[in-house]
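Enquirer: Please read through the structure below; I'll follow up with questions.
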Amino acid sequence: MNRVYRELMGMLGDEERRMLRDAQRSWMRMRDLSFALWSSLRAEGGREGLCAAVAVQRELTGRRAEELAELLAVGRERAGRMRGASVAVAAVPVERVSGGRAPEGAAMHGRESVQTVQGVEATRAALPGRHTLRMQWLAAGDPGEAVVEERDGALSLTGRQEHAGNFVEIEGHIVEVRADGFAFEGTVRTRVAHINGGLPCERTGRMAFTVRNGRWFWRLQAITNPCCGVADYIDLDMERVGAVVLKPAR
C-alpha cells in the first residue's frame, strides 16, 4: 500500500495530493483507533471478539489497497497518453463534491444492446427488499440496513448504519436503473467523530451507486466527502437480506 501511495503522490498535482493525503490520514486514524480499542483487555467478546475484529480490519485494509491500486492504474494510463500532465482526481472513480451537492451520474447513451437490457432488468429485479448498508468508518459496529420499496411504480430508498454516535443515513428515490447499478435522487448524511470536526455532513442531489470489478455491492460514486475531502466508501450489498438475487457482471 505504501509503495502505491507514494507513486500516486508523485503523479498528482498539488490540490489532488492534498486531497489524497487528507483521505489517507483519516483512514490511518480510523485504523489506529480501531486497533487501540480492539487490543484492549476489555475488548468485547474477549479473545474471539478480538480475532473477529482483526479479520474485519484486514479486509478493510485490503479494500483500501485495492482502491489505491485502481487509482494508480488509471494514473499510469493517463500519464502514458498525456506525458507531463498531472492526473486529475476527477479522472479516477472519485467524484469531487462541493457545497453539499453531489454531481449527477452519467446517463446511458446510444442504442442499448440485448445484454444491457438484460442487465437493467436484473438490477431492477434485485432492488426491492432489504439490503445490507456499510460505510468503512463504521466497520467496528454492526452493518446497517437499507430498504428499497416499490410504490406506484416508483422505488424509494431509505437506510441507516450507526455505531458509537457515528452514522450514515440515506433517503430518497431511485430515478434510473442501469446494468451496473442505479441513480439515486435524495440525501446522504454522515457523521464521523474524527472527520469534519465531528459535525454531520450532507450530500444532496442525484448520485450513482455502481458495481465494479465483479464485486458484490453497489458503491456510492460521490465518494469524496463534500465537507472535508476525505473518501467515504458507502456500500449497498447487491444480495438482498435472506436471498441471493444477482451475480455481478464479469
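Per this note's numbering: the sequence shown = residues 59 to 308.
The C-beta atom is built at its ideal place from N, Cα and C for all residues, glycine as well.
Could you check where the beta strand (DSSP E) with I228 kicks off and where it finishes?
Expert: Here the beta strand (DSSP E) through I228 covers N224 to R236.
Enquirer: Looking only at DSSP bridge pairs, what is M265 linked to?
Expert: Per DSSP, F242.
Enquirer: Put Q279 into one of helix, strand or coil per three-state DSSP.
Expert: Three-state result, Q279: coil.
Enquirer: Could you give the first and the last residue of the continuous beta strand (DSSP E) run that contains D200?
Expert: No beta strand (DSSP E) holds D200; DSSP gives it neither H nor E.
Enquirer: Assess, as a yes-or-no matter, whether the stretch 202–218 is touched by the stretch 227–244 under the definition of 3 or more beta carbon pairs within less than 8 Å.
Expert: The answer is yes - the stretch 202–218 touches the stretch 227–244, with three or more Cβ pairs under 8 Å.
Enquirer: By the 10 Å Cβ neighbour count, where 16 or more other Cβ atoms means buried, how is M166 classified, buried or exposed?
Expert: Caution applies to M166, whose pLDDT of 35 falls short of 50 and renders its modelled position unreliable; the value that the coordinates give is listed next. Exposed, since its Cβ has fewer than 16 Cβ neighbours within 10 Å.
Enquirer: Could you check which residue in R273, G177, V288 and D293 has the C-alpha nearest to that of E227?
Expert: When each option's Cα is compared against that of E227, the closest is D293.
Enquirer: Cutting at 6 Å between CB atoms, please list the residues of its own chain near L78, excluding the five before and the five after it.
Expert: Within the same chain, L78 has no close Cβ partners at all.
Enquirer: According to DSSP, what are the bridge partners of H189?
Expert: Per DSSP, A204 and R298.
Enquirer: Hey, could you find the ends of the beta strand (DSSP E) Q219 is sitting in?
Expert: Its beta strand (DSSP E) spans residues A212 to H221.
Enquirer: Under the rule that 16 or more other beta-carbon atoms within 10 Å means buried, what is W195, buried or exposed?
Expert: Buried, by the Cβ-count rule.
Enquirer: In three-state terms, what does DSSP make of D293?
Expert: In this structure, D293 counts as strand in the three-state DSSP scheme.
Enquirer: Residues bridged to C259 by DSSP?
Expert: Partner(s): T248.
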